[in-house]
Structures are given as structure tokens and as C-alpha cells.
Amino acid sequence: GWDIKKACICPQKPKKLVENLPILQVTPIESNKLKLQNTFRTPVYVTQNRRNAMGVGLVFTADLATEQHISMWVLQGVALCLNIAD
653 GWDIKKACIC PQKPKKLVEN LPILQVTPIE SNKLKLQNTF RTPVYVTQNR
703 RNAMGVGLVF TADLATEQHI SMWVLQGVAL CLNIAD
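Now the structure itself:
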């Protein structure tokens with residue numbers, strides 16, 4: 653889920669696999685100039701299958717603010733998808 657007040661990811665509601673995020677502003681920056689704390693680096697894929705027909709799917713990684721430990725999001729398999737099947 654997404655906590656709008658705190659502007660960070662939060663645990664999702666039970667039995668809800670897909671959560672919509674608000675529109676995010678993506679700003680490219682060189683990784684050696686990036687100094688972030690309390691963020692989770694999540695992959696951003698084209699589809700929920702995490703790849704398209706040609707086997708390509710990863711678009712970029714996004715740094716999302718979090719109050720929980722990063723391992724929580726890794727174990728839950730958190731990822732962002734640009735296109736979801738309804």
C-alpha cells in the first residue's frame with residue numbers, strides 16, 4: 653500500500669494483491685550522487701508477469717520511502733508494474 657500522509661510504502665490490506673499508487677514523479681540521477689536513507693529500491697516492470705513476450709520487463713529501479721525494514725519488502729516480493737491486467 654501507499655501512505656499518502658507519510659508519503660511512503662506501508663503494509664497492504666489483507667487479501668489485496670494489487671495496490672494503486674499515486675502518480676509519481678520520476679527524476680533520473682546518477683547513482684553515485686544518490687544518498688538515500690530509509691528507502692527500498694524496488695524494481696519497476698512493464699507488466700505483472702515481470703517480462704513481456706520478448707523476455708524484457710525491467711524498466712528501472714525506483715527508491716520508495718519506507719518506515720519498515722527493507723527485508724520486509726524483499727520477502728513480500730514488492731515490485732511496481734506499469735501495466736496491470738484488470
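If you read the sequence shown in our numbering, its first letter stands for residue 653, the second for the next number, and so on. Glycine included, every Cβ here is placed at the ideal spot set by N, Cα and C.
(request) Compare the beta carbon distance of T694 and V730 with 9 Å and say whether it is the shorter of the two. (result) yes
(message) When you compare the CB positions of A717 and K658, do they come within less than 9 Å of one another, or not?
(response) yes
(request) With V726 as the anchor, note down where its alpha helix (DSSP H) starts and where it stops. (result) 722-728
(request) Just tell me which of L710, A737, N690 has its CA closest to the CA of M724. (result) N690
(request) Could you tell me the boundaries of the beta strand (DSSP E) in which L710 lies? (result) 710-717
(request) For E719, collect the residues of the same chain with a Cβ closer than 8 Å to its Cβ; drop the 5 residues on either side in sequence, then sort them by chain order. (result) K658, C660, C662, N690
(request) Report yes if the CB atom of Y697 is closer than 9 Å to the CB atom of V678, and no otherwise. (result) no
(message) Using a Cβ-Cβ cutoff of less than 7 Å, which residues in the same chain neighbour V670 once the five nearest sequence positions on both sides are dropped?
(response) I736
(request) Return the residue from the list F692, C733, S683, D655 that minimises the CA-CA distance to H721. (result) F692
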